[in-house]
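J.: Handing you a structure now.
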Amino acid sequence: MNLWTDDAPAAWRRALDRYDEVIAAQGVARLPELERWYRDELPPAIATRVRPHVTHAELVRVTEWKMARGVWRAPNLVLVRGNDAALVARTSGDALALVPRPSEPVATLATLAGVGPATASAVLAAAAPDVYPFFDELVSAQVPSLGPVKYTVPYYARYAEALRARAARRSASRRRTWSARCGPTRAGRRVGGDGRAGHGSTYEFVWD
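Structural data, given as structure tokens:
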């Protein structure tokens, strides 16, 4: 099932209701714990700071969350851990100050060691989920207009715009306001990328 092309309300409801089941079915150590932290604890932690940013420990944990959902790249995690804590706080603060620009916040975060567009998008999705969906290659594969996945800032900008546009179409067809948020969020309902218990790739369209 490809939800990208499926407008049947029942299909979307089934996928929404099965998100936690799909996550648990991955059998990945710590993934449910990291999901809960990313959804429930990280967004308010960022929002309540005088200058919104992520700490070094949070960036490491976001990276672990991202890898637990996909491919574990130990060398990248080593690089992320090697970043100076003050640099992480300053750079992430600079990036979040650029919201809602489509590309600049991603590019700014990607100056940190071990941080590419996908990890950058995970940080931004925790802070501004309506603007920056998490960059997941299995989600991008469902969007015909994007072509082969490229881990670049311009590709991510196109990906994010495509998800926001799809959410807008859902809003128009269902008389609800939907937003595109890739990955779980505290207030949102989640939808699996394929609606099945398989790989840990998910995206969501959330009604507000």
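Just so we're aligned: the sequence shown equals residues 2 to 209 in our numbering. By construction, the Cβ of each residue, glycine as well, lies at the ideal position given by its N, Cα and C atoms.
DSSP three-state label for Asn3, please.
T.: In this structure, Asn3 counts as coil in the three-state DSSP scheme.
J.: Closest by CA to Pro33, which one among Ala168, Val150, Arg70?
T.: Of Ala168, Val150, Arg70, the residue nearest in Cα terms is Arg70.
J.: Skipping 5 residues on each side, what residues in its chain have a beta carbon closer than 8 angstroms to that of Val154?
T.: Cβ within range, chain order: Ser104, Val107, Ala108, Ala111, Pro118.
J.: Check this for me: beta carbons of Leu113 and Pro53, under 7 angstroms apart or not?
T.: Their beta carbons are not under 7 angstroms apart, which means Leu113 does not touch Pro53 by this criterion.
J.: Apply the 10 Å Cβ neighbour rule to Arg62 and answer buried if 16 or more other Cβ atoms are within range, or exposed otherwise.
T.: Answer is buried; the Cβ neighbour count reaches 16.
J.: Have a look at Val72, Gly83, Thr49 and flag the residue whose alpha-carbon is nearest the alpha-carbon of Leu60.
T.: Of the listed residues, the one whose Cα sits closest to Leu60 is Gly83.
J.: Does the region 45-52 come close enough to the region 73-88 that 3 or more CB-CB pairs lie under 8 angstroms?
T.: The region 73-88 is not in contact with the region 45-52.
J.: Whole angstroms is fine: what's the gap from Thr6's alpha carbon to Tyr20's?
T.: Using only the alpha carbons, I get a separation of about 19 angstroms.
J.: Find out if the Cβ-Cβ distance for the pair Trp66, Leu99 is shorter than 7 angstroms.
T.: The answer is no: Cβ separation not under 7 angstroms.
J.: Would you report the Cα separation of Arg15 and Arg171, rounded to the nearest angstrom?
T.: For Arg15 and Arg171, the distance between alpha carbons rounds to 16 angstroms.
J.: Give the straight-line distance between the Cα atoms of Met68 and Ala75, rounded to the nearest whole angstrom.
T.: Looking at the two C-alpha atoms, the distance is approximately 9 angstroms.
J.: Taking the alpha-carbon of Val144 as reference, which of Val132, Arg165, Thr49 has the nearest alpha-carbon?
T.: Out of Val132, Arg165, Thr49, Arg165 has the C-alpha closest to the C-alpha of Val144.
J.: Roughly how many whole angstroms lie between the Cα atoms of Val55 and Ala87?
T.: The straight-line gap from Cα to Cα measures roughly 10 angstroms.
J.: At the level of alpha carbons, what is the spacing between Gly28 and Phe136?
T.: If you take the alpha carbons of Gly28 and Phe136, they lie about 22 angstroms apart.
J.: Please check the pair Gly134 and Ala121, which I expect to be a contact at CB under 8 angstroms, by giving their CB distance rounded to whole angstroms.
T.: Per the sequence shown, residue 134 should be read as Pro rather than Gly. Actually they do not touch by this definition, with Cβ atoms about 12 angstroms apart.
J.: Report the three-state DSSP secondary structure of Arg177 (helix, strand or coil).
T.: Low per-residue confidence applies at Arg177: pLDDT is 48, beneath 50, and the placement is therefore not dependable enough to give any value.
J.: Taking the alpha-carbon positions, what's the Glu138 to Lys151 distance?
T.: Going by the C-alpha atoms only, they are around 9 angstroms apart.
J.: What residue ranges within the region 4-30 form continuous alpha helix (DSSP H) runs of no fewer than 4 residues, ordered along the chain?
T.: Runs of the alpha helix (DSSP H) inside the region 4-30: 10-18, 20-26.
J.: Is it true that the CB of His57 sits closer than 7 angstroms to the CB of Val23?
T.: Contact flag unset, no.
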